[in-house]
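A.B. asks:
Protein chains: 2
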Amino acid sequence: MECDILVVGSGVLGLSSAYHLKLRNPDSRVVVIDRSSGPGQGNSAKSEGGLRNVFTSEANYLLTDSTIDWFSHLEKDLGYDVKLHYIGYLWLYSERQYNGLKSTLEAIQKWGAELRTYEKEGLKRMVPHLVTDLEGDEEAELLDIESIHKGVLGVKCGCIDTDALVRSYEAEFLKLGGELMYSTDAKKLILRPEEELGIPGEPFVWQESRISGAETSRGEIRADTTVLATGVWSETLLDPLGIDALMRAKKRQIFVFKDSRLGGLLEVEGFNKYSVMPLTILPKAGILFRPEVTEGSIWLACADELGRGYGLEEDPQPEANYYTDEIYHVLVKYFPCFRDIRPANMWAGQYAVNGYDGMPVITPVPGMIYTGAASGSGIMKCDALGRIVASLYAGEEKAELYGGQSFNVSSLGVEDRNVEREKFII
Amino acid sequence: MECDILVVGSGVLGLSSAYHLKLRNPDSRVVVIDRSSGPGQGNSAKSEGGLRNVFTSEANYLLTDSTIDWFSHLEKDLGYDVKLHYIGYLWLYSERQYNGLKSTLEAIQKWGAELRTYEKEGLKRMVPHLVTDLEGDEEAELLDIESIHKGVLGVKCGCIDTDALVRSYEAEFLKLGGELMYSTDAKKLILRPEEELGIPGEPFVWQESRISGAETSRGEIRADTTVLATGVWSETLLDPLGIDALMRAKKRQIFVFKDSRLGGLLEVEGFNKYSVMPLTILPKAGILFRPEVTEGSIWLACADELGRGYGLEEDPQPEANYYTDEIYHVLVKYFPCFRDIRPANMWAGQYAVNGYDGMPVITPVPGMIYTGAASGSGIMKCDALGRIVASLYAGEEKAELYGGQSFNVSSLGVEDRNVEREKFII
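Chains as they are written, first to last, in our numbering: chain A, 1 to 426; chain B, 1001 to 1426.
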């Protein structure tokens, strides 16, 4: 089988790339393959589905802000029910943390992200379930948990149904005449010499060579250009060719709570039009939770750092004791409503963490474009990243993001990488 | 066992770090451990032993130039016979290549590296064994091999006996009262909370934690600071903690030739005082060779790129057919004296390749300093990198390199990394 563009991976980055490539190259045969039986069944499906335009890197602001606008467009103009809820992101900070972040928060606002700051007293009034003052609490001292000083709300932030999102790209891609092949596993990328001599052993090191498709469970698929969008699995395909995937796989877990005792978190006035708590990030240990507005539950996660190992897992499993040992004691200090409640459901996925600068990578390799290393925020950047892939394919210096903003294509590449290290990875 | 500083790895980066740390902290207990029975028996021993101050990144110029001066100091002033030979590096370029590199070569000279350019006619006279003109050669056309247009000689370049080098650091370190423990394998790094509570399961994610030594084959070694200098093996120790080693392991092979028919390469006037060919880099496929002046042999290697896989190997093996299939046909076009000669010896080692920017990494982690990702040029930067490790330990912003040049310590770190991507990786 032959095609012009072969996209490997039907996660949100693969489908967004495929859609924008097909949109701009209507006469090209664009084929998406995935080993799963449907779209987005890798880590796209495991995500918390959060989205925010609040990042310390301006590039990330541009990527997310335009993608969030695209999500609104999907709902309002294209009629996809992707369950976009602007519930906001609420960072709760201790005094020490807030003072250390002041200049960062100012910079973030300068390039356009809307932030609202809440004083402790205001937070107390708005969120009766929240304990802000922990002075004199011996257990809190033992856990080294600080009192809350302020809250910072990212306004153009919230959540989306990632499954509905990938299906919207899939539907639009199919409308354009794009082709999908599920249950098709890419076994390896094919490296071929630019000029084949027909000698066994090609390509030799003295030959110019390029990626020219993939060997799959359904046979070889040759392509002029291959787009690799296989997330944490990218190293499996890139390592044999000596291409660095520039990311390591790290487990992230989601714990779901459905308990009437947490109902108060779904009845909070003032932060958003849904009258629920925003996605809330505690001042300690990277713990965060958000209401799942549609099903009336709470999704909780923890952005652990040092000590959480790297390593690709085929089927990462959630750890029940992770909630009880690592998260619970801190959580109930700030939100005692969680006391004695156990998660009703849990799952785990993996982030493709770029340890170098925390930014996504879109880089050309002969015959190929690699898009990945999204570091846990690929969904909220998916539309911008798909456009950048399409611009790189077209040989353009600048990509036009949804809404008209311009983005230097080479900035996310390896050769002329030009992005600031992202510090707000959660 | 307890110490102030535990250096894991007695390769050239580990021993250089240990020496400079002990020199600057004479009252501290500095212990180097290595699983081998002697120093530098990992990839330091497998190296080609080349050294050059010619790089496209100015930072690399500073790191290598000062380290090469240190090597001279070792021989002249400290009396170590490290077999430093300034034979030069000779890059042979086609016209197309040379024109593409002009501005790069100018920049390289601007910051201090001495380059000499040779016209084709001059090269022909000096190196009768070299074939420069390949027009009309059908096989050369098939192999897409271009004629040689110019040669560029890096003057402050050459080679060193890496075993003698690591032993010089070892000797100086011991003189200062440093301690060495060979045949001591670091099984894992120990992560401990800053404030231990005595609860099983520590450290929890809500605790500040730090590296506090290593579990070794000879028991636990606790250290205030651990310096990790384990080269390609770094990921084995860092992955479980979720610290990105920022490098992938890639095999490099050395083929050794001892044949009287190659004697002409050891009798070439004009490039250096030893009257031998410089380390010579062909215009094609990253093939390079150098005379090994001491033993009168030729060492040959190939800096292959796309297609040479990444992956840590415990005991990488050379591939005999790699020379015959991949290197030979190109080599004999430029240097027919290699015709029908087979390597007398061969071995393989691994580079720790930093796929982001090709530069080394020296970065702090709580309780630890990681030095590595040297991308195949660690030996020629070893002294500068050791000084930077010692400055980072001392909390200094700038390190003073041998000769007095200053280097920003944070530039090689992850947080505030500030180096240009290196393009001359061979």
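Where is the CB? At the ideal position from N, CA and C, for every residue including glycine. Keep in mind the model is a prediction, meaning the values are calculated, not measured.
Among residues of its own chain, excluding the 5 on either side of residue 3(A), which ones have a beta-carbon nearer than 6 Å to its beta-carbon?
C.D. replies: By one-based count along the first sequence, residue 3(A) stands at place 3. Cβ neighbours of residue 3(A) beyond the five flanking positions: 29, 31 and 223.
A.B. asks: Hey, out of 1251(B), 1225(B) and 1011(B), whose CA is closest to residue 1351(B)'s CA?
C.D. replies: Residue mapping note: residue 1351(B) aligns to position 351 of the second sequence, counting from 1. Closest by alpha carbon: 1251(B).
A.B. asks: Give the residues of chain A in contact with residue 1076(B), contact being defined as C-beta atoms less than 9 Å apart.
C.D. replies: Along the second sequence, one-based indexing puts residue 1076(B) at 76. Here the premise fails: no neighbours, minimum Cβ distance about 40 Å.
A.B. asks: Identify each residue in the region 181–209 of chain A for which the Cβ-Cβ distance to at least one residue of chain B is less than 8 Å, and report them in chain order.
C.D. replies: Here the close residues are 191, 195, 197, 201, 203, 204, 205, 206, 207, 208 and 209.
A.B. asks: Around the Cβ of residue 188(A), are there at least 16 other Cβ atoms within 10 angstroms (buried) or fewer (exposed)?
C.D. replies: Here the question's residue 188(A) lines up with position 188 in the first sequence. When all chains shown are included, residue 188(A) counts as exposed.
A.B. asks: With three or more C-beta pairs closer than 8 Å as the rule, is the region 1333–1347 of chain B touching the region 1259–1268 of chain B?
C.D. replies: Touching, yes, given that three or more Cβ pairs across the two stretches are closer than 8 Å.
A.B. asks: Could you list which residues in chain B have their beta carbon closer than 7 Å to that of residue 316(A), in chain order?
C.D. replies: Reading the first sequence from its first residue, position 316 is the one you call residue 316(A). Those do not exist, as residue 316(A) stays about 14 Å from chain B at its closest Cβ, beyond 7 Å.
A.B. asks: Any beta carbon of chain A sitting closer than 9 Å to that of residue 1369(B)?
C.D. replies: One-based indexing of the second sequence puts residue 1369(B) at position 369. Closer than 9 Å: no.
A.B. asks: Determine contact between the region 1073–1084 of chain B and the region 1125–1145 of chain B, defined as no fewer than three beta-carbon pairs at a distance below 8 Å.
C.D. replies: No: fewer than three Cβ pairs fall under 8 Å.
A.B. asks: Mind checking which residues open and close the beta strand (DSSP E) that includes residue 99(A)?
C.D. replies: Residue 99(A) sits at position 99 when you count from the first residue of the first sequence. From DSSP, residue 99(A) is part of no beta strand (DSSP E) but of the alpha helix (DSSP H) over 95–110.
A.B. asks: Output yes or no for whether 9 Å exceeds the beta carbon distance between residue 154(A) and residue 52(A).
C.D. replies: Walking along the first sequence from the start, residue 154(A) turns up at place 154. Walking along the first sequence from the start, residue 52(A) turns up at place 52. Cβ atoms of residue 154(A) and residue 52(A): closer than 9 Å.
A.B. asks: Just by C-beta distance, which residues in the region 8–33 of chain A are closer than 9 Å to chain B?
C.D. replies: From the region 8–33 of chain A, no residue has a Cβ closer than 9 Å to chain B.
A.B. asks: Mind checking which residues open and close the beta strand (DSSP E) that includes residue 1289(B)?
C.D. replies: In the second sequence, the residue the question calls residue 1289(B) occupies position 289. From DSSP, the beta strand (DSSP E) with residue 1289(B) extends over 1287–1292.
A.B. asks: Does the region 355–370 of chain A come close enough to the region 51–65 of chain A to have 3 or more Cβ pairs within less than 8 Å?
C.D. replies: The region 355–370 of chain A, when compared against the region 51–65 of chain A, does touch it at the 8 Å Cβ threshold.
A.B. asks: Below 8 Å on the Cβ atoms is my contact criterion, and I expect residue 1192(B) with residue 1203(B) to pass it. Report the Cβ-Cβ distance as a whole number of Å.
C.D. replies: Taking the first residue of the second sequence as position 1, residue 1192(B) is located at position 192. Taking the first residue of the second sequence as position 1, residue 1203(B) is located at position 203. Sure, about 6 Å apart at Cβ, within 8 Å.
A.B. asks: At least one CB of chain A closer than 9 Å to the CB of residue 1352(B): is that the case?
C.D. replies: Counted from its first residue, the second sequence places residue 1352(B) at position 352. By this cut-off, residue 1352(B) is not an interface position.
A.B. asks: Would DSSP call residue 1001(B) helix, strand or coil?
C.D. replies: Residue 1001(B) sits at position 1 when you count from the first residue of the second sequence. Coil at residue 1001(B), not helix or strand.
A.B. asks: Using beta carbons (cut-off 9 Å, strictly below), is residue 1306(B) in contact with chain A?
C.D. replies: Here residue 1306(B) refers to the residue found at position 306 of the second sequence. Residue 1306(B) counts as touching chain A.
A.B. asks: Is there at least one Cβ from chain B nearer than 9 Å to residue 285(A)'s Cβ?
C.D. replies: One-based indexing of the first sequence puts residue 285(A) at position 285. Yes, residue 285(A) lies at the interface with chain B (some Cβ there is under 9 Å from its Cβ).
A.B. asks: Note the first and the last residue of the continuous beta strand (DSSP E) segment covering residue 1257(B).
C.D. replies: On the second sequence, residue 1257(B) is found 257 positions in, with the first residue counted as 1. Looking at the DSSP string, the run of the beta strand (DSSP E) that includes residue 1257(B) is 1248–1257.
A.B. asks: From the beta carbon of residue 1356(B), is the nearest beta carbon of chain A less than 9 Å away?
C.D. replies: Your numbering for residue 1356(B) matches position 356 in the second sequence. Closer than 9 Å: yes.
A.B. asks: Relative to chain A, which residues along the region 1238–1267 of chain B have a C-beta separation below 9 Å, given in chain order?
C.D. replies: Residues 1238, 1239, 1240, 1241, 1242, 1243, 1244, 1245, 1246, 1247, 1248 and 1250.
A.B. asks: Please list, in chain order, the residues of the region 1331–1351 of chain B that have any C-beta partner in chain A closer than 8 Å.
C.D. replies: Against chain A - using a Cβ distance shorter than 8 Å - the region 1331–1351 of chain B contributes no residues.
A.B. asks: Tell me whether residue 1308(B) counts as near the ligand NAP, meaning its Cβ is closer than 8 Å to at least one heavy atom of that ligand.
C.D. replies: Annotation note on the ligand NAP: not contained in the displayed structure, which lists no ligands.
A.B. asks: Is the shortest distance between the beta-carbon of residue 1218(B) and the beta-carbons of chain A less than 9 Å?
C.D. replies: Residue numbering aside, residue 1218(B) sits at position 218 when the second sequence is read from its first letter. Not an interface residue.
A.B. asks: I need the straight-line Cα distance from residue 294(A) to residue 48(A), nearest angstrom please.
C.D. replies: By 1-based counting over the first sequence, the position of residue 294(A) is 294. By 1-based counting over the first sequence, the position of residue 48(A) is 48. Taking the straight line joining both Cα atoms gives about 14 Å.
A.B. asks: Would residue 1056(B) and residue 1005(B) be called neighbours here (beta carbons separated by less than 9 Å)?
C.D. replies: Counting from 1 along the second sequence, the entry for residue 1056(B) is found at position 56. Counting from 1 along the second sequence, the entry for residue 1005(B) is found at position 5. Result no, Cβ atoms of residue 1056(B) and residue 1005(B) do not sit closer than 9 Å.
A.B. asks: For residue 61(A), which residues in chain B fall below 9 Å Cβ to Cβ?
C.D. replies: Along the first sequence, read from residue 1 onward, the residue named residue 61(A) stands at position 61. By Cβ distance, chain B contributes nothing, its closest Cβ being about 20 Å from residue 61(A), past 9 Å.
A.B. asks: What number of angstroms, rounded off, separates the C-alpha of residue 1396(B) from the C-alpha of residue 1412(B)?
C.D. replies: Translated into the one-based positions of the second sequence, residue 1396(B) becomes position 396. Translated into the one-based positions of the second sequence, residue 1412(B) becomes position 412. Their backbone Cα atoms lie some 14 Å apart in a straight line.
A.B. asks: Tell me which residues of the region 1129–1142 of chain B have at least one Cβ-Cβ distance to chain A shorter than 8 Å, keeping chain order.
C.D. replies: The region 1129–1142 of chain B vs chain A, Cβ under 8 Å: 1142.
A.B. asks: Report yes or no: do three or more beta-carbon pairs, one from the region 1136–1146 of chain B and one from the region 1008–1021 of chain B, lie closer than 8 Å?
C.D. replies: No, the region 1136–1146 of chain B is not in contact with the region 1008–1021 of chain B.
A.B. asks: So, at 6 Å on beta carbons, what are the nonlocal neighbours of residue 292(A) in its own chain, with the 5 sequence-adjacent residues on each side left out?
C.D. replies: Residue numbering aside, residue 292(A) sits at position 292 when the first sequence is read from its first letter. Correct list, in chain order: 299.
A.B. asks: Which class does residue 402(A) belong to by DSSP, given the choice of helix, strand or coil?
C.D. replies: Taking the first sequence and counting its residues from 1, the one referred to as residue 402(A) is at position 402. Coil, per DSSP.
A.B. asks: I need the DSSP call for residue 417(A), collapsed to helix, strand or coil.
C.D. replies: Start at 1 with the first residue of the first sequence, and residue 417(A) comes out as number 417. Coil, per DSSP.
A.B. asks: Tell me which residues share the same chain as residue 1406(B) and place their Cβ nearer than 8 Å to its Cβ, disregarding the 5 neighbours each side in the sequence.
C.D. replies: Taking the first residue of the second sequence as position 1, residue 1406(B) is located at position 406. If we look at residue 1406(B) and ignore the five residues flanking it on each side, its Cβ neighbours are 1398, 1399 and 1400.
A.B. asks: Looking at the strands, I want to know which residues DSSP matches up with residue 1193(B).
C.D. replies: Along the second sequence, read from residue 1 onward, the residue named residue 1193(B) stands at position 193. Per DSSP, 1209(B).
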